[in-house]
Amino acid sequence: MSFPISGCRPEELPALLELVDRIFRSRRPGQMGREYPLLFSEANLEQLRIIRADGKPVAHVGICLRDATILGCRIRVAGIGSVGTDPDYRGRGMASALMEDARRHSILHGASLMLISGTRGLYHRLGYVQVGRFLSVIAPAGAGGGVLPRRFGPADLATVIALHQREPIRYLRPRDDWCAMLACENLMNQPADLWLVEEQGTTVAYVATQRPSESAVDRPIRAYEFAGDRRAVVEALPALARHYGAAEIELVCQPEEGAIVAEARRRLWRTGWRPFPGTLGVIDAPTFLAAIRPYLEEQLGRDLAGLEIEPLPEGAIFRRAGAEYRLETRGALTALLFGGETDEARAIAPAPEPVAEALNRAFPMPLLWYGYNYV
């Protein structure tokens, strides 16, 4: 069944906010419009894709289009969130239709990578996968060493932006985005605080933490975004856990964070692996593969070590030394690019040796972590 789908009209925004609050906030406090200012704003109405029935919005997929950089490669990312249907209209395929519309709309507006804040079966059926590999570091509560975490204040915004700008894997955030995100005090779907880490009177890092939840009092505090001096970040973690009265705190970072890994090992802290906290897919393979060409040249050389890449609409073909490796689905290509420990990451067939030798030097490549850009 096909449904007329379009962006939200200005006069429909209150009804849309009532719908998403009813779907996502009926069992917990909060207001979606306040918690997700990048998504539910008048400037983003065209990206709030809705289906109408009986004169009102009854199903919705939200898109947040933002640029990001992965090791110097600029890509446009479509963040997908608040996917929901009024209970009275479910079972008619509206969510599937909206997700397909979101894919087409995102490609039309230049996005090549889609990140979805959910792992429901619908997304997997549509070809998206849960992959990626992030390091989880668990630190016990304690003293903060020689660093002093203090709460963020409005006068610190320029410092925070400067620290974030130096990160090699990050969203490109206009100052307007920073102001909106920090004003709502929300980090990856939970109330949050932002802390500045100082040494000798100089701010050298920041750490963003989710506040403890009454429904999960025994869970570690989650530090889900940071930037700046890695040793200072590590030093601050025990003090932050102690501030919240928690036994532990979890920091999530890229697996290549050598300084954090070394400090965690020296302190005998627990570490583990976790996938991307949602599903994702490369929705425009030609555009994405062209964008990461500089990364591939750094890894393999200007001629890509003889590796030929032929993008397909939903995947790619890799050829080298007479061997061919075909990945014809969005999920398979995404799994190759970003790797991980999940069943979906391990499900792709192995490449023939000449191709594998080149691919293994380049992939998996780092994947964005949401942080404040979660929608």
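Each residue of the sequence shown is one higher than the one before, counting from 965 in my numbering. C-beta: ideal position from N, C-alpha, C; glycine also. Predicted, not measured: the structure shown is a model, and the values here were computed from it.
1. Among the residues of its own chain, which have a CB less than 8 Å from the CB of V1006, if the five just before and after it don't count?
2. If you reduce the DSSP assignment to three classes, tell me which class Y1135 lands in.
3. Return the residue from the list H1207, D1248 and A1285 that minimises the CA-CA distance to E1278.
4. What is the DSSP secondary structure of W1142, counted as helix, strand or coil?
5. Can you tell me the Cα-Cα spacing of P1058 and C1028, whole angstroms?
6. Output yes or no for whether 8 Å exceeds the beta carbon distance between G1192 and L1127.
7. In the DSSP assignment, the beta strand (DSSP E) including T1123 goes from what residue to what residue?
8. Verify whether the separation of the beta carbon atoms of G964 and S1070 is less than 8 Å.
9. Which residues in the same chain have their Cβ closer than 6 Å to the Cβ of R1089, if we skip the five residues on either side of it in sequence?
10. When the Cα of D1267 is compared with those of H1024, E1064 and R1283, which residue comes out closest?
11. Pick helix, strand or coil for L1260, following the three-state DSSP scheme.
12. Nearest to A1017 by alpha carbon, out of V1111, I1102, E1220 and Y1053?
13. My parser needs the alpha helix (DSSP H) runs of 4 or more residues fully inside the segment 1160-1226; what are they?
14. Determine the direct distance from the alpha carbon of I987 to that of L1079, and round the result to whole angstroms.
15. Check whether the Cβ atoms of L1002 and D1141 lie closer than 8 Å to each other.
16. Can the beta-carbon of T1173 be found less than 8 Å from the beta-carbon of T1123?
17. Under the three-state reduction of DSSP, which class applies to G1085: helix, strand or coil?
18. Once DSSP output is grouped into helix, strand and coil, what is the label at M1152?
19. Would the beta-carbon of S1076 fall within 8 Å of that of T1251?
20. Let me know the alpha helix (DSSP H) ranges lying completely inside the segment 1028-1088, each 4 residues or longer, listed in chain order.
21. Comparing C-alpha positions only, which one of L980, G1108 and G994 sits nearest to K1020?
22. In chain order, what residues of the same chain lie with their CB nearer than 6 Å to the CB of L1332, ignoring the 5 residues before and after it?
23. Identify which residue in E1220, L1121 and R1134 has its Cα closest to the Cα of A1144.
24. Which stretch, first to last residue, makes up the alpha helix (DSSP H) that contains I987?
25. Whole angstroms are fine: how far does the CA of F1098 sit from the CA of P1219?
Working from what's here:
1. Inspection of the sequence shows that residue 1006 is occupied by Glu rather than by Val. Answer for E1006: P974 and L977, listed in chain order.
2. strand
3. D1248
4. helix
5. The identity of residue 1058 in the sequence shown is Met, whereas the question assumes Pro. Cα-Cα distance, rounded: 20 Å.
6. yes
7. Counting along the chain, T1123 falls outside any beta strand (DSSP E), though it belongs to the alpha helix (DSSP H) covering L1121 to Q1129.
8. For residue 964 there is no data in the structure shown, the boundaries of the chain being 965 and 1339.
9. none
10. R1283
11. helix
12. Y1053
13. 1194-1207
14. 21 Å
15. yes
16. no
17. helix
18. coil
19. yes
20. 1058-1072
21. L980
22. A1032
23. L1121
24. L977 to F988
25. 6 Å
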